[in-house]
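If you use the numbering used here, the sequence shown corresponds to residues 14 to 966, in order.
We treat Cβ as the ideally placed atom computed from N, Cα and C, and that holds for glycine.
Here the structure is a predicted model, which means the values were calculated and not measured.
The structure appears right after this line, and notes come after that.
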Amino acid sequence: MSGALASKRILNTTVAAAAAGAVAFAPLAPLAQEAASRGGDPLSIDIGQSSEFTRLEFGGVIGVRSQVRRDGDKVVVRLGTTAAPDVSRLRVDPPEGVTGVETRQARGGTDLIITLAEGAEARSGVADGAVWLNLYAPGKAPEPSRAERAATERSVVPVRAVASDDKTVLTFQWAAPVGAAVFRRGEAVWIVFDTAARMDLTGARALGQARDARWAAGPDYTVVRLSAPEGLALSAQGQGGTWTVTLGGPPSGATGVEIDRSADGSPVLTARMAGATKTVWLTDPLAGDRFAAVTALAPGKGLAQPRRTVDLTLLPTAQGLAVETPTDDLKIDAAGDLVTLSRPRGLTLSPPSALLEAGDHDADAPRKAAHPALILDEWAQLGQAGFSDRYRRLQDAAGLETIAADGDPRAPIAARLALARFLVGSGLNYEAIGVLNALVDKAPNMLGEPEVRGLRGVARVGVGRLEEAQADFSGAALANDPATQVWRGYIAAEQGDWTEARRAFAAGASVVDDFPREWRARFGAAHAMAAIETNDLPAARQLLAYVFSQNAPAADQLTARLVQARLFDLSGDKDRALAVYKAVARAPIEAIATPARLGVVSLEMDKGAITPDQAAQQLEQLKWRWRGDATELAVIRKLSDIYLQRGRYREALDALRSAGKRMAGVPGATEIMADQSDAFRALFLDGAADGLQPVQALALFYDFRELTPIGADGDEMVRRLARRLIDVDLLDQAAELLKHQVDERLDGVAKAQVATNLATVYLMDRQPEKALQAIWGSRTTLLPTAMNSERRALEARALMDLGRFDHALEVLDRDQSDPAREVRADILWKQQKWAEAAALYEARLGGRYRDTATALSPSEESWLVRAGVGYSLAGNRAALQRLSGQYRPFLDRAKSANAIRVSLDDSLSGVAGAGDFSALSSGADTFVGWVEKAKADFRTETGGDRAATPARS
14 MSGALASKRI LNTTVAAAAA GAVAFAPLAP LAQEAASRGG DPLSIDIGQS
64 SEFTRLEFGG VIGVRSQVRR DGDKVVVRLG TTAAPDVSRL RVDPPEGVTG
114 VETRQARGGT DLIITLAEGA EARSGVADGA VWLNLYAPGK APEPSRAERA
164 ATERSVVPVR AVASDDKTVL TFQWAAPVGA AVFRRGEAVW IVFDTAARMD
214 LTGARALGQA RDARWAAGPD YTVVRLSAPE GLALSAQGQG GTWTVTLGGP
264 PSGATGVEID RSADGSPVLT ARMAGATKTV WLTDPLAGDR FAAVTALAPG
314 KGLAQPRRTV DLTLLPTAQG LAVETPTDDL KIDAAGDLVT LSRPRGLTLS
364 PPSALLEAGD HDADAPRKAA HPALILDEWA QLGQAGFSDR YRRLQDAAGL
414 ETIAADGDPR APIAARLALA RFLVGSGLNY EAIGVLNALV DKAPNMLGEP
464 EVRGLRGVAR VGVGRLEEAQ ADFSGAALAN DPATQVWRGY IAAEQGDWTE
514 ARRAFAAGAS VVDDFPREWR ARFGAAHAMA AIETNDLPAA RQLLAYVFSQ
564 NAPAADQLTA RLVQARLFDL SGDKDRALAV YKAVARAPIE AIATPARLGV
614 VSLEMDKGAI TPDQAAQQLE QLKWRWRGDA TELAVIRKLS DIYLQRGRYR
664 EALDALRSAG KRMAGVPGAT EIMADQSDAF RALFLDGAAD GLQPVQALAL
714 FYDFRELTPI GADGDEMVRR LARRLIDVDL LDQAAELLKH QVDERLDGVA
764 KAQVATNLAT VYLMDRQPEK ALQAIWGSRT TLLPTAMNSE RRALEARALM
814 DLGRFDHALE VLDRDQSDPA REVRADILWK QQKWAEAAAL YEARLGGRYR
864 DTATALSPSE ESWLVRAGVG YSLAGNRAAL QRLSGQYRPF LDRAKSANAI
914 RVSLDDSLSG VAGAGDFSAL SSGADTFVGW VEKAKADFRT ETGGDRAATP
964 ARS
């Protein structure tokens, strides 16, 4: 039976879809089977497929309220349930034209997001109690019919009015279900729909006691406004696409909309209204004010009584919601069955405790402070019976209150708050956090209670959980509390945000004197340090005077003395600063003595009382005395600074690294990371490591290579280090550095440039195969002409080294650049084409013979020898005589004078053979000259021709 009904429903739906211009299914059996198996589910997703399209149907009491919208290449289906639906079939086997399927949590529901391929189309609609969605592959969507185009442009909704003596009934006949809102503002009755259409009012002229019916349409809504006497009853009913609005008759109280605070205690109102569809903002043409209507699907549901807050008014409605607000930032989100009303900084609402029942109040219990985040001295008072008795009595009362509450959200919380006040006032902050967390677990809405937030934030500050405390103090419930501002200033000072600390302390200055004396001293010292760090020394002096007048406990006074010593130091009174630091350093509290000792070491080194090495030794010991906060970071920074100044680079980087990621959230951690980067940059980019042996520099680089910056600076570091390795013939290590850059860090032109350098290193190391891999693996378009020439010459040289002479010459083609001509000459030489090679070597020398004042370089001597030998082996006496006459003046200063003299001896022309000149030719190896020139080019490119910075001992 169920299968038959499902098949009938599907058939009806298919016929309706075909009437709307869709194509009917071919295979319907899978869809029928799924529908039959899910017929009783509140949400069913049925899938059918034909050769033209794939169809999804969302059925059930939840599925029929699904909303479909198009967002670019995505189709978003809003489902009115927070439980993620099973869409595994769509994910595993997506329909043609669909590239992705995912679900995402939304407020009050779940979004099914279907990503369409380029050119794919989607159509949607409602039929037979289900929302359908057709998905078409690219090019397969049918052309919309004329009826569809007309409906798309704007449908026409007939409106019919029937008036009797006591009432008027208006009927709106929509073609498909739409959401509506119906309400009254004064004499005006507003009827709002969530779809744009044209209203046909020709059948609505008999309005009875109502009059002046007018309509208007926006881009995605339609509104009808008419006048009716204020005492006239108003009701609305809906079924499918038909809405009936009744003016007059017996009054019917609207139900179905529940207003409450957010369950998590945030200053937000939520309205539970099934089928909420859209928020429509309207402007009253008579009053000129702006208000909102929230539409909902049938059946009818409304709000019987008005609700008012400082920020908004919820009007009584016959259907949907109507919201008036004097603000311009009220946000209303309608999603599924929930409507959320909020403002960026929260709504102004009474605290949750205002709705709680009154509890039995113990006259001896700690009383509530005037401000939520204020601590009172009296909270720690014990009475004659002592601590244990008072603690037990407060704890027993809180326990009994918890048991009596038994999950009742309106149960009193006075005893539990009294216990929390006592614990906070007594410094038992962990215990206070436990009490308050337990309270919130039982009643999450208490997070909106200012005192709960304030007390828990205070306790979290007391145990050093500053981020958690900041979260409590940032709640909207504490936005206007001056005591909270004081705590935020203290947290900002602890985190090193000095500007924010001063701002917050100033905002809470009116209540600082209401705190216990120890906290007044702590706040004053923190504020004074913030003043010092923002260069307001006069304000710091006044604040310290305030602190010393509070008669605070010794530990708090010593903390203030540390701030005073810092003030003396910055004021130029080094001797007084040193004396205060030394006095505080004798304190038995390591948290106070360690920063004082750091001040002593710094000042004594500045005064020359101890050497930097002695200071470093003391700081190494001090580093282990107190760990885990900004004091340790300050010691590390000072120690690393000394090491860097002394040229002890490894020790400096090791000290900075010791802070590690474990202290990433501590004030000063960012500066430590910056110090590491700056030190590494100074070593390998600014030349500080040039005084180290290349092997030492390489080892230092590898040990701290994670500090290599991303981008051009990091690449330049590697190239400079590689140049130093090349200078001392550590070619394997240089190649490894450059290869990492090519494989892991670079792209495009930058990759091609470094790959060219890598190929050069491989050729220096006589590894032509790897040189070819480097060149071929970095080919790209639009390279500079000079780089292309260099890469062609390197590729040809590698092929030459592999004996592939013809291929090498093809690569060079017609390139007449100097590198290409040099390689071409070497190839012809290896091919024993003596005359051609000799001519190229002579051409490579050019007019060098004219500059007799400068001795020939090793490369030029090699070219001259090979030119002479080539002409001799070719029997060209005239060329030998020409060369001899041009270059004889260079013989006296030539390093290879004998080789030049023999190679230019024309008496050997045509007489001596290649074997006779073999020893002479090998001595004039052009490869050596090419290597020396390549090294010189590396030094020029990387700035290696500057003087090295010596390493200091």
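The shortest C-alpha to C-alpha distance from G251 to any of F66, V191, D582, L282 is the one to V191. K764 is classed as buried because its beta carbon has at least 16 other beta carbons within 10 Å across all chains shown. Pairing G438 with P385 gives a Cβ-Cβ distance that is not under 8 Å. Exclusion of the five residues before and after T116 leaves A97, T123, L125 as the residues of its chain whose Cβ lies within less than 6 Å of its Cβ. For Y900, the enclosing alpha helix (DSSP H) covers residues 890-900. About 32 Å separates the beta carbons of L282 and G261, which is beyond the 8 Å limit, so they are not a contact pair. Contact between the stretch 561-579 and the stretch 591-598 is present: three or more C-beta pairs spanning the two stretches fall below 8 Å. M618 has its alpha-carbon roughly 27 Å from the corresponding atom of D549.
Counting only runs of 3+ residues, the beta strand (DSSP E) found wholly inside the stretch 85-154 occupies 87-92, 111-119, 122-129, 134-140, 143-149, in chain order.
In the DSSP assignment, A201 is bridged to R198, S240. Using a Cβ distance threshold of 8 Å, L652 and L666 do not count as a contacting pair. In the structure shown, A907 adopts coil according to DSSP, grouped into three states. Using a Cβ distance threshold of 8 Å, S137 and V89 do not count as a contacting pair. 8 Å or more divides the Cβ of P364 from the Cβ of G221. Here the alpha carbons of A784 and A772 stand approximately 4 Å from one another. A150 and E65 have their C-alpha atoms spaced approximately 8 Å apart. In terms of Cα proximity to R320, the closest of A348, A284, D346, W187 is A284. Under the 10 Å beta carbon count, F693 is surrounded by 16 or more other beta carbons and is classified as buried.
In the DSSP assignment, S870 falls outside any alpha helix (DSSP H), carrying neither H nor E. By the Cβ neighbour-count rule, M212 is buried, with 16 or more other Cβ atoms within 10 Å of its own.
By alpha-carbon distance to D273, the top candidate from L360, E134, A382, E945 is L360. Around I504, the same chain offers V474, L479, A482, Q483 as residues with beta carbons nearer than 7 Å, after the five sequence neighbours per side are excluded.
Given a length threshold of 4 residues, each whole run of the alpha helix (DSSP H) inside the stretch 578-623 is given here in chain order: 587-598, 603-619. Cβ contact annotation for V236 (same chain, cutoff 6 Å, sequence separation greater than five): V205, A229, in chain order. With a 10 Å radius around the Cβ and a threshold of 16 neighbouring Cβ atoms, G110 comes out buried.
With a contact defined as Cβ atoms closer than 8 Å, A848 and G883 qualify at about 7 Å. Counting of Cβ neighbours within 10 angstroms places H540 among the buried residues, the total reaching 16 or more. With fewer than 16 other beta carbons inside 10 angstroms of its own, W637 counts as exposed.
Across the structure, R227 and P107 are spaced so that their CA atoms are roughly 48 Å apart. The DSSP-derived three-state label of V476 is coil. Nearest in C-alpha terms to K291, of all of G859, S79, A417, W842, is S79. When rounded, the separation of the alpha-carbon atoms in A892 and K846 is 16 Å.
The beta carbon of S615 sits closer than 7 Å to those of K651, all from its chain and outside the five residues before and after it, given in chain order.
Apart from the 5 residues on each side of it in sequence, A947 sits with its Cβ closer than 7 Å to the Cβ of T773, M777 in its chain, given in chain order. When secondary structure is reduced to three states using DSSP, T215 falls in the strand class.
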